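Asks: If you scroll down you'll find the structure; I have some questions about it.
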Ligand SMILES: N[C@@H](CCC(=O)N[C@@H](CS)C(=O)NCC(=O)O)C(=O)O
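Residue numbers (UniProt numbering): 1 to 243.
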């Protein structure tokens with residue numbers, strides 16, 4: 001059977017693995033896969049993101065809210081020739097354009113979980129994944145990634161690994177509390193809001209899939225925490241299209 005005509009092009013981050021690993025892009029990929037929207041992927045190397053997206057006339061991010069003027073995910077919606085950058089803006093565009101099946105983008109519980117996950121698990125992810133992400137980049141992207149991240153850090157990426165075990169030990173109880181919040185509606189289903197996935201589920205599953213591609217040990221650490229595991233497993237059926 002012929003492949004369906006793509007509705008959009010998804011701009012993603014390239015790696016030597018040939019599959020999506022960016023957490024922000026995975027959020028959008030999960031949304032597209034859940035809604036069965038056909039799309040193609042254009043993988044960009046880190047140093048090509050800004051030149052490619054600016055050549056498409058996409059306006060840059062506001063410098064006061066983003067470290068980088070251009071980021072992936074970005075999309076080109078072919079039927080309307082619309083370009084959108086930033087995962088939240090893209091999710092809003094997709095939800096408006098393809099409202100069925102509905103995906104709740106924001107909720108009080110979802111916001112609480114995302115904030116807790118960012119604050120609690122985010123720092124441990126950073127320490128574990130940033131020094132390892134470089135290993136799955138091409139030489140050109142490695143040079144860009146090391147230069148930009150070390151300029152911000154003020155020391156070699158690899159130095160982060162010395163803090164890894166302490167970072168994970170420090171978050172045990174709080175990570176379990178975040179996981180427990182994800183189980184609030186466990187009587188009605190495995191997702192944050194119960195029966196059906198919402199965008200917070202894709203936020204969680206996207207972050208875990210990022211860990212799985214970059215370092216399976218980090219993914220396993222998270223999968224031991226109740227809540228994270230259930231959400232990830234329930235979202236796995238929409239992880240089939242990875243490129
Ligand atoms: N707020 C953005 C963040 C996306 C983001 O940070 N993307 C990274 C890749 S995971 C990126 O494109 N970085 C560009 C760079 O480092 O130059 C979103 O949610 O889409």
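A virtual CB, placed ideally from N, CA and C, is assigned to each residue, including glycine.
Computed from a predicted model, the values in this text were never measured in an experiment.
1. When you measure from the CB of residue 88 to every non-hydrogen atom of ligand 1, does any distance come out below 7 Å?
2. I'd like to know if the region 175 to 183 and the region 223 to 230 are in contact, where contact means that at least 3 CB-CB pairs between them fall below 8 Å.
3. From residue 32 to residue 137, what does the alpha carbon distance come to, in whole angstroms?
4. If we ignore side chains and look at the alpha-carbon of each, how far apart do residue 216 and residue 135 end up?
5. Based on the DSSP output, what are the partners of residue 13 in its beta bridges?
6. Is DSSP giving residue 58 helix, strand or coil here?
7. Please look up how many angstroms separate the CB atoms of residue 207 and residue 23, rounded, as I've assumed it's under 8 Å.
8. Skipping 5 residues on each side, what residues in its chain have a beta carbon closer than 6 Å to that of residue 194?
9. For residue 17, which residues from the same chain have a beta carbon less than 8 Å from its beta carbon, with the 5 sequence-adjacent residues on both sides left out?
10. I'd like to confirm something about residue 148: is its beta-carbon nearer than 7 Å to some heavy atom of ligand 1, or not?
11. For residue 75 versus residue 10, is the C-beta spacing smaller than 8 Å?
Replies: Once the coordinates are examined:
1. Relative to ligand 1, residue 88 has its C-beta within less than 7 Å of a heavy atom.
2. yes
3. 25 Å
4. Approximately 13 Å between the Cα atoms of the pair.
5. 44
6. coil
7. At roughly 5 Å, the Cβ-Cβ gap stays under 8 Å, so residue 207 and residue 23 are in contact.
8. 185, 188
9. 136, 213
10. yes
11. Less than 8 Å separates the beta-carbon of residue 75 from that of residue 10.
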